[in-house]
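In the numbering used here, the protein residues as written are 43 to 450.
What follows is a single structure, written as structure tokens, with notes after it.
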């Protein structure tokens, strides 16, 4: 359903500007939902189709993605506005991403980072974006997750993103306004405390339902539960000698899109959804991405993949003539290890990300509230052999590193 203000008269001047054709005429607009029920809790996404006539008389039909903020009366909208998710993404598409893309282009680093923004409309908290589907970009299977070629391609893209972000922070710090120094664990905000503590409660309920896991980790996790927001904040803290850049903040299977060759091999990748970008260590993105998106059989390649990302990041920073301190590989590995608690926090979302059952919800609070619907949904997403194996392996690793103990 199109918003009533999105008319031919509204869209025409914006397409004229984007295509640099002051005689372009919009003939017709129609739409359909761009995501299914339960696929997007943060906003409303619609794919619109537009018939328009160019100045040379030719007629074209193209599709675009319209991203709207949730109405303010929707219960979860309040917390999204508190963390400025919509302002942040509009800033990303209007100011930050175009500047990052320009920096990369000027340095001779090829490849696009994301879709173009046709228009950013702050009055309506809406963006109209290029539709990547006609360009043959598609999502990989979120249930099967990513193999090594997909993973390495994404790590290369993140390395370009992180390098451009570091240079942008150095040369154009005014573009990274206050919202880019806010994240879900910011100590001066409380809205997401209920979300994470509720999701951790669901996780603990699952662990306590598995006798072996309960025996090994139940008591430790129960004691840990009141500390997770502070430990999450420490993950985002950056020391003076560490590399700080703009991260994507939500890089997982569904937020990257791949282009394939005729044999079905991935050739390029772009990122989408930029509500959670913030300035911190790039290692935060690595933990989140590798935890949520890498196939289980490749988990033992983690150290190799960190080196792969580091080498690409260093190479891009040098091409961009970055004048800040570039960490050595050993220093970067220490920075990565220092943020390993992020893997536990990211893992709270993973059962939802890979869930392929019949229990649906469009209510964000079902992820974390102990309502009948919430508990039913949480139990459904955890009812999986894959989730059990992931959890068993992750908790064993974290426990071996003393990360399930109370920290000083």
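C-beta: ideal position from N, C-alpha, C; glycine also.
For clarity, every value in this text was computed on a predicted model and none was experimentally measured.
Specify the secondary structure class of residue i as computed by DSSP and reduced to three states.
i           : result
residue 407 : helix
residue 266 : helix
residue 163 : strand
residue 110 : strand
residue 249 : helix
residue 442 : helix
residue 402 : coil
residue 80  : Note that residue 80 scores a pLDDT of 41, beneath 50, so its modelled location is shaky; the value from the coordinates is reported in the next line. Residue 80 falls in the coil class under three-state DSSP.
residue 118 : coil
residue 231 : coil
residue 66  : coil
residue 305 : coil
residue 100 : coil
residue 367 : coil
residue 255 : helix
residue 437 : helix
residue 218 : coil
residue 7   : The structure shown does not extend to residue 7, since the chain spans only 43 to 450, so no value can be given for it.
residue 430 : helix
residue 273 : helix
residue 154 : coil
residue 224 : coil
residue 126 : coil
Are residue i and residue j closer than 7 Å when you measure CB to CB?
i           : j           : result
residue 221 : residue 88  : no
residue 322 : residue 278 : yes
residue 355 : residue 205 : yes
residue 242 : residue 293 : no
residue 86  : residue 110 : yes
residue 309 : residue 303 : yes
residue 66  : residue 94  : yes
residue 397 : residue 371 : no
residue 313 : residue 298 : yes
residue 184 : residue 334 : no
residue 317 : residue 131 : yes
residue 336 : residue 188 : yes
residue 291 : residue 274 : no
residue 97  : residue 133 : no
residue 284 : residue 212 : no
residue 141 : residue 210 : yes
residue 240 : residue 74  : no
residue 300 : residue 157 : no
residue 190 : residue 340 : yes
residue 259 : residue 437 : yes
residue 112 : residue 350 : no
residue 424 : residue 393 : yes
Starting from residue i, follow its DSSP beta bridges and name the residues at the other end.
i           : result
residue 321 : 288
residue 300 : 180 and 311
residue 75  : 88
residue 105 : 91
residue 336 : 188
Following the continuous alpha helix (DSSP H) through residue i, name the residue where it begins and the one where it ends.
i           : result
residue 50  : 50-61
residue 140 : 139-148
residue 394 : 392-395
residue 135 : Unbroken run through residue 135: none, as it is neither H nor E.
residue 456 : Residue 456 is absent from the structure shown; the chain starts at 43 and stops at 450.
residue 418 : 414-424
residue 43  : Careful: residue 43 lies outside any alpha helix (DSSP H) and carries neither H nor E.
residue 449 : Looking at the DSSP string, residue 449 is not in any alpha helix (DSSP H), and its letter there is neither H nor E.
residue 354 : 344-361
residue 379 : 371-380
residue 385 : 383-389
Grab the span of the beta strand (DSSP E) containing residue i for me, first residue to last.
i           : result
residue 94  : 85-95
residue 168 : 168-172
Please confirm whether residue i has its beta-carbon closer than 7 Å to some beta-carbon of chain B.
i           : result
residue 441 : Of the protein chains in the structure, only one exists, and it is not chain B.
Heavy atom of the ligand ATP less than 6 Å from the Cβ of residue i, yes or no?
i           : result
residue 334 : Although the ligand ATP was asked about, the structure shown includes no ligands whatsoever.
Contact the region 118-138 vs the region 216-234: 3+ CB pairs below 8 Å
yes
Would you be able to state if there are at least three C-beta pairs under 8 Å between the region 159-167 and the region 135-150?
yes
Take every Cβ of the region 191-211, pair it with every Cβ of the region 146-158, and state whether three or more of those distances are shorter than 8 Å.
yes
Using a Cβ distance threshold of 8 Å, determine whether the region 415-433 contacts the region 352-371, with at least three qualifying pairs required.
These segments do not touch.
Below 8 Å, can you find three or more Cβ-Cβ pairs linking the region 165-174 to the region 95-107?
Result yes; three or more Cβ-Cβ pairs closer than 8 Å.
Can you confirm whether the region 427-444 touches the region 400-410 when touching is taken to mean that 3 or more C-beta pairs between the two stretches lie within less than 8 Å?
no
Would you be able to state if there are at least three C-beta pairs under 8 Å between the region 421-435 and the region 235-249?
yes
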